Structures are given as structure tokens and as C-alpha cells.
Amino acid sequence: MAPTNVRWPWPRSATTASSCSTRHRAALAGLVSELDLAKPTTTSGARRHPRLICAPEQIFDDTAIWQALSQRDSTLEGAALRAEIVPLIQEAQQAGRKAIAAGFAESPFDARAMTSSYTYLTDQLLRCVLQIATQVLHPNPNPTEGERLAMIGVGGYGRGEMAPFSDVDLLFLIPYKATAWSESVIESMLYILWDLKLKVGHATRTIEDCLRLGADDFTIQTALLENRFIDGDVSLAQELSERLKNELFSGAGKDFIEAKLEERDNRHLKQGERYMVEPNVKEGKGGLRDLHSLFWIAKFIHDVDRVADLVDLGVFRADEYDTFREAEAFLWAVRGHLHLIAGRATEQLTFDMQVQVAQAMGYQDIGGRRGVEIFMQAYFRHATAVGDLTRIFVSGLEASHMKAEPLLERIFRRRPKIREGFQVVHNRIAVKDDEEFLQDKLNLLRIFEEALRTGMLIHPDAMRLIKANLALIDDDMRRTPEARRIFLDLLLKHGNPERSLRRMNELGVLGAFIPEFEPIVAMMQFNMYHSYTVDEHTIQCIANLARIEKGELEEELPVASSILKRGVNRKVLYVALLLHDIGKGRPEDHSIIGAKLARRIGPRLGLKRDEVDTVEWLVRYHLLMSDMAQKRDIADPRTVRDFAKAVQTVKRLDLLCVLTVCDIRGVGPNTWNNWKAVLIRALYRQTERALETGLEDLNRENRGAEAKKALRAALSDWPRKRLQRETARHYPPYWQGLHVTAHIAFAELLRDIGNDDIRIDLHPDEDRGATRACFVMADHPGIFARLAGALALVGANVVDARSYTTKDGFVTDAFWIQDSEDQPYEASRLPRLREMILKTLRGEIVARDALKSRDKVKKRERAFKVPTHITFDNEGSEIYTIIEVDTRDRPGLLYDLTRTLAASNVYIANAVIATYGEQVVDTFYVKDMFGLKYYTEAKQRTLEKRLREAIAAGVERAEG
């Protein structure tokens, strides 16, 4: 840690000039000839030339800048002189930044040259500013012993790794208490650096201060660990380096290691899973900070300056070091492009930035996958590599620094019996003999079985051994009955399969044992719906299934829990869930290609023929129940009848229901909600009843009769004639499409209503996770669209809507709405909601005009491109044409679509809205003005054209 030996550029024995102007002019002229002495050298005096992204003089032409400075007005002093100097330095700084950015654009993966170049530019700027401060602004020809000053870089800057907008962390080292001269120099420097828009973190300390504060604060200690001499008094910097090494960094580092490990754990807890789809490049799991932590600990323990030195010390193998460097270079390249594109320091790889960084790095669309998805898969694979290597390194440290257990606990605590060939080292499963372990390929699976059976972690040395020998997992091994047994036992036997699957996936074993799984490892789906990569989503799904089996979600998921209690083929269910998304990332429909892959994989896993058939069916139709429940009107008997025909048996229905629940819950932390739960339960129960009692029970007449009977029971206190009038007031679809609670609400709203009345009932429906909004008023064209506009204006998300007309000319429309958090509106917000809706319906607010300023797509969401698909289905309902509009979601979309349909004289009976992140599927059950379906292709094409025009106009407005 000896500092770089740079010759002190200040004149030691200059004669004080008679005037300030002469002094300034002489200093500026003299500095030009001394610039070479300020260039970095090694401690031996040899020049050190880090590889830069372009020629050094393109980054900072020191000769040119000093020549320009020497021509400035020499009569100026203080702030005026600083104001004259700063633009010159700023111009050089901007030219240097521009040159580095251009070089990086030409070599977008050359991260090391990029970080070295920004460090070089910063070094030269700081040296220049220090020389101006000490020789021009505050010359001190005869400094005392106490007026020495060393400028030292610490932290990331001290390490010599800088992104375009990294902080500049500086230590101004002084021998004793600060003098008036040193305070003036530092103050002037900081003013200039701030004028240059550098974000400077700084401290002025003595060597004693550094030792004392470093001993008490691990953050300061870490920063000092990476100190690098920039300019000034070299002997002072050398003394600091020696004393830090001998006094602060001389111990075993146990406390330092524990602090860094705790810091890492807290950081991961804050940032979330490694596979979250908007990762933090610096602080996230598998990010640069993990690499830094490794380096800090290695530097403290082994006194190394480079990670490469850890290979010679046996900490890493050569191939592990290569993996480390590749990941480090990739992450730094991503961070560099991220800063340049944002024009500021930003570490979050948000969706909009992902597209731009992928383009900057040259990723292109290939084989049905977007370039950004290929880029993000590369990102997550590198993050995984970082995680593997840091885990190996840090786990080894944890083991070597682990406290010994109390003697009595060691004597009386029962240790699980370990299989022959394994041993327990520091409470982790380790391999007794590497050569013997590798003689039996099955041991690469057995170790995960032992870990799951005993509840212990795998020792880092064993993890390295596994990762280095994945080639042993070949076709012969995969088809071995014992290999099948072990793998299926990992899924079915121990109660927490996600633990072994995740570790197998991270070490590459899962992709080696099921090669078809390997392409989806770290595969990102570029959308706002999925919170995880495909492989992590799969493991999350299996974790949900295991929790349901253990009874942990019985209250939240009563139907799925009861199905598993009754009993299903667990092997089929777990394998189907493991394989349900295995076809993703290909041009074909992933369900179809996944089913083909499942047919190939099933026999290899030892499944019987009928089990393979069921797994194949489940993979092929794993989205069927979700689509039916969320995109169709499940109150329509035809929907349930068609679904029942597709499923055919209760056995399949049970399996598909549980798989669907786990699949939706595995998408992200907040994807599953009460609304989806109600839809899935209702579809399951209706289909189960239809399959058990016969499809003929599914008809509108039966439902209508049951609904009227339920209303009479609920309104038993109403006069008989009034109740008869109410039940006769509505057409059949009204009785078939709403729950009795809505029928009661509408009955109360219709009571003694006048032609000019507008009545609203807002009711939080906690069971469904939405607010039910019932509207009653005199019927007139376009009322459904006006209601949609009113709800859009108040920021309500419509998830379901139904529109009916009474025989005496009143509209009875019901909307189920959620707030921006996909929750029912709180009771305190309902009065304002009601007032805003009424103003819109009365015409006091025109939705079309008011939405212009509100119907905007957020910047980070503009990168998502969702192609519009519009389909017409005349088979899915007996009396309506179903128009399905699959497009990009935005606040005013439903209003635009319903207004367009109303203008085309389309009667909307009901609308079902399913949202998947930035994508939405709006499904409308409609008739034409004569009450007929849209059978003719010409009418369909005309309507489709108008809808597409409305969508395009809305997109232009939202992005304008």
C-alpha cells in the first residue's frame, strides 16, 4: 500500500516577487515546464501507464491548458481569478469526458479502459487544481513543517475505478493541526471542484486522526484501505501508508470481516432478490458492491492489491478468477453506459434504461427475442457468477472465523447422521475425498439430497467441486434410475424443494441435469408483469406449492388447499410446475413448445405414460384457467361450459387450478390479489359442479330463476307488489350476470327514481379486493363511455364492468374498480370519488378534454412496446360477440375504446379487463344496434380499424 512516488511540484526556494501579478504570471509560466513531474510513476520511479480508452492527450492535454492559463489576466485575484480560471479547466474537463465517451461508444465492453480513463481525467484535474491553489491562489515559497499537505484518493476513487459520474472521495492529509494556509488551499480547491460540478466527498485529517477514526468506524476503515496518493507531500503519504499497514490493518480482521458481511446482508435485504427485474448495478445482489466487499476483505486479510493475487494464494482457481474478471468488466461496462445515458450518477437499471444500455452495448433482436432481453439475461448470469464466487469466498471466511460452540452444546446436541463419503465441517456438508466423490457421478445429486435431509448448507469447497465438474452429468447419468429417484425426492420428499432447486440452479446442476432448462436460466421477460427471471419464477411457483401442501396458506387459498388435502398426483403436479415455462425464449408459443419438451423430459424423469400425458396437457394449457377467469365473463354459462369441455375431468381441473394459483403467485410479490382469487374460485366451483352434475345444468334460465329467488329472500320486508315490479323490471341477462348483493343495491337505487336523477352506490367489496360502483340513470347513448371517462379521471382502474337497461328505460351499470395500488378505495376517499363522478356525468367536466393532461405514460414505462391485437369471437357467448383488444395499457384507454364503440352504435353489455403490467386485455361483450352479433367480416374490419385509430391517437397523446 505504498503510495505512488510523485515529485512535489511546488518550488521550494523561490524568491517572493514584489507584486502579486508578477508572482501569478511567473507561477503559471513555471508550471508548464514542471507538468511532466506530476505524472504518475511507480514507487521505483518508472512511469506507469494504465490502459486508457483513447490517447492521454485527448483526455487531458495538460500542456495546452497551462499555456492557456498563462495567457489569462494576471491582475485578477481571489474569486475573480478563480472565475477566470474555472472556465478553462471546465473546457478541458468537458473535452476529456467527450473523448472518453466517444472511445467507450466504439468499444462498449472495454470497462477497464473506461474506468481508468475517468480516473486519469480526475487525477489530472485534481493535480491541476492543487497546483493552481498552492502556486497561484495561495503561494507559499517557504512552507513550514506544519504546512505540508498530501492529497489522497480514498474509496472507489482511491481504488482507481471510476464511472462517468462517480463521487470523488478525497483525504487532505496534514501533519498537525490545520494551518491558515492549508485551510485556504483546501477551501479554494473545493470551490473550484464544485464549480466543475464534481461531487466531492472530503475530509481533512492528520495521520493520528485517520488511525483513531478508522479504528472506531468500519466505513472510514474501508475507505482508508483503498488509499492512493494523488499529489502533494509524498513523505506524508508514505508515513500514512506504513502506519495504516502496521497499526490499523495488522490484525486478523475478524471484526472487520463480520462488519462487511453484516453490511452485505443488510444491503441484500434492502435491495431484494438478485433476480428482481430492475436491478441495482452497484448495490444489488450480485452487483459491483459484492465484488468490492470481496476485495476489501481479501486486501485486509491477505494484503493484496489485485484480485489476481488471490489465485496465487489459493483463494480462487484460475477459472474462477477469469469468471470474476468477466463479470466485473461486464458490470462496470453496464454502469458506465448507465451513467452516460442518464447524464448523472444512477445505479438502478430501470426498464427504460435497460433498452438504451442494451442498444449502447450492441445487443440486437434475435430469434424472436428482443435485444434487451438477451442483454438482461447476460446481466443476470454475470450477477449469478458474482454471487457464486463471493459466496464461495465469504462462506470460507465465515467457516474459518466461526466461533466454537460451547462445550456442553457440542456434547449434547444431536448431529444428523451423514451419508458415507460426506462430513460436517463448521455445520456444513463437505466432501471427505474429492477423487472418491467424483468417481460416482450420482454424488453430484446426492449432496443436495443430504443437504435437504439434514437441513445443513453445502460447504463452499464442495460447491466449487460441483461447479468445476458439471460435465460429469451426462445422458447416462440422467437416465440412471437412482438419479431419477434422487431428483424426484428433492421435489417431493423433504418439504422445501425450492431450497435445493435454487442452489442446484445457481451451481449449474439443474441446467445440466435437465438441459432443456438451461436456456431459461437468468432469462428476463421484458415487461412490467413479471418480477423475476423465468428460472426464479419457476422456483417461486414450486415454493408456493410446497407452502400450500404444508397448510401455511389455507386461509388465503382455501380451494387450492382443499384440493391438495383430498389428494392429487404430486409427482405430476411438481414436474408440470417445474416445466410449465420451459419453452420461453423461442419464436413459437411457449406453451406449445413447452408441451413438446415436457413429452421428451417426462420419460427421462421416470414418469409413467399416463403421467407424461397429463404433464404435457398441463404445460400446454397452463394459461387456460387464468385466461378464462380474467379475460372472459365467467357469469356467462357458455364460458364455463367451454372451459369444462376443455378440461374434461375433475382430476385435470384440480391439477390445473393448483398450478394456476402457484403460477400467478409466482409472478411477483403483489400479483395475486382478492380479485383474482374470487375469479379463480368461482370458475373452479362452477366447472367442478358442471363436470359432476352435467353440462346441461349450465343455462341462463336456471341462473335467472335462482337469482330472482335469492333477491326475494333478501328483500322479504318489501311489499309484494313492489318486489314483483322489481323482478319484472329487468331483462334475463341482468339476472344471470350479477350477484344478489348487486341486485339488492340496484333495487334500492331504482326505488322511486325520476328521469333526471343520477344515483350512485359505492361499496368496498373486501372479498373481491375492489370497490363496486353501481350507477342508475335514464338511458341515453354513450353512457357506458361517459362512466368509463369519469372513472379514468379519478384514477380508478376498472377490472370488471356490466351494463344493463331496464324495461322502463333506466341504465343499471356496475363497475368494479381499484385504486393505484390495486386495492379497494378506502371509505374516506369515497365522498370525493362520488363528487368527481357526478361532475363528469352532469357535464361540468368533459372527460375527453380533462384526460389530455392525465393520460400520460411514465418515462420509465415508455420502453415497453406492446403490439395491438384485436379479435372477434362469435362462439364464446350465445348472444354476444366478444371483442378482445390486447394492447398497451394507459389511464384513458378504456374510455377511448368505449367511446369509439358507442360512436359506432355498438351496445356494450359488459367489459372484462385483465391487466398484465404494461399490457392490458379489454374484452367487450357486444351487440349491434339491432341486437345482433357482428358476423360479417366487413363490419368486423370496420370496427377494428376504428378501434386501432383510437388506440394510436391515444398513444400519441400519452407520449406527446
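So the number in our numbering is just where the residue sits in the sequence shown, counting from 1, plus 16. Every residue, glycine too, gets a C-beta built ideally from N, C-alpha and C. Note that this is a predicted model, so its numbers are computed, not measured.
The three-state reading of DSSP puts I769 in coil, since its state is none of H, G, I, E or B. Residues of the same chain with a CB within less than 7 Å of the CB of M540, apart from the 5 flanking positions on each side, are V293, E389, M392, Q393, F396 and T549 in chain order. Cα atoms of T135 and R386: separation of roughly 34 Å, rounded to the nearest angstrom. Below 8 Å, too few C-beta pairs join the stretch 170–186 and the stretch 319–333 to call them touching: fewer than three. Shortest Cα-Cα distance from A499 to any of E514, A478, H510 and E465 involves E465. A Cβ-Cβ separation of about 6 Å places Y941 in contact with D649 under the 8 Å criterion. When the Cα atoms are used, F332 and D404 turn out to be separated by approximately 12 Å. A Cβ-Cβ separation of about 6 Å places W691 in contact with V815 under the 8 Å criterion.
In this structure, D838 sits near N689, with a CB-CB distance shorter than 7 Å. Under DSSP, K943 forms a beta bridge with Y923. For Q380, the number of other beta carbons within 10 angstroms of its own is below 16, and it is reported as exposed.
In this structure the stretch 550–564 touches the stretch 676–688; the number of beta carbon pairs closer than 8 Å is three or more. For D652, the CB contacts under 7 Å within the same chain, skipping 5 residues up- and downstream, are S893 in chain order. Inter-segment contact for the stretch 944–951 and the stretch 673–686 is absent: fewer than three beta-carbon pairs are separated by less than 8 Å.
The bridge partners DSSP lists for V814 are I833. By the CB criterion at 7 Å, K315 and L241 fall inside the cutoff.
Closest by C-alpha distance to I482, out of L461, L473, H355 and R494, is L461.
Listed in chain order, the alpha helix (DSSP H) runs fully inside the stretch 712–763 are 716–730, 736–744 and 748–753, counting runs of at least 4 residues. In the DSSP annotation of this structure, the continuous segment of the beta strand (DSSP E) that includes R904 starts and ends at T897 to R904. From the listed residues A446, I434 and A487, the smallest Cα separation to R469 is found for I434.
Here I853 has A806 as same chain residues with Cβ atoms under 6 Å from its own Cβ, once five neighbours each way along the sequence are excluded. Per the coordinates, the alpha-carbon of S132 lies some 11 Å from the alpha-carbon of I75.
If you draw a straight line from the Cα of I313 to the Cα of I273, it is about 6 Å long. In the DSSP assignment, the residues bridged to D889 are I898.
By the criterion of a C-beta distance shorter than 7 Å, H154 is surrounded in its chain by W197, S200, V201 and S204, once the five residues flanking it on both sides are discounted.
Proximity to L458 across N282, A808, P432 and P497 peaks at P497, based on C-alpha coordinates. Bounds of the beta strand (DSSP E) holding C790 are A786 to A794.
In the DSSP assignment, R620 falls within the alpha helix (DSSP H) that extends over H606 to R620. Runs of the alpha helix (DSSP H) lying entirely within the stretch 435–471 and spanning at least 4 residues, in chain order: 450–455 and 459–470. With a 10 Å radius around the Cβ and a threshold of 16 neighbouring Cβ atoms, R858 comes out exposed. Segment contact: the stretch 144–164 against the stretch 97–117, three or more CB-CB distances shorter than 8 Å; contact assigned.
In this structure, H553 is the residue among E565, Y173, H553 and L92 with its C-alpha nearest to the C-alpha of L594. For R333, there is no enclosing alpha helix (DSSP H), as DSSP gives it neither H nor E.
Residue burial is scored here from C-beta neighbours: A576 has at least 16 other C-beta atoms within 10 angstroms and is therefore classed as buried. Membership of F503 in the alpha helix (DSSP H) is indicated by the continuous run P497 to L508.
Taking C-alpha positions only, C790 is separated from E704 by approximately 31 Å.
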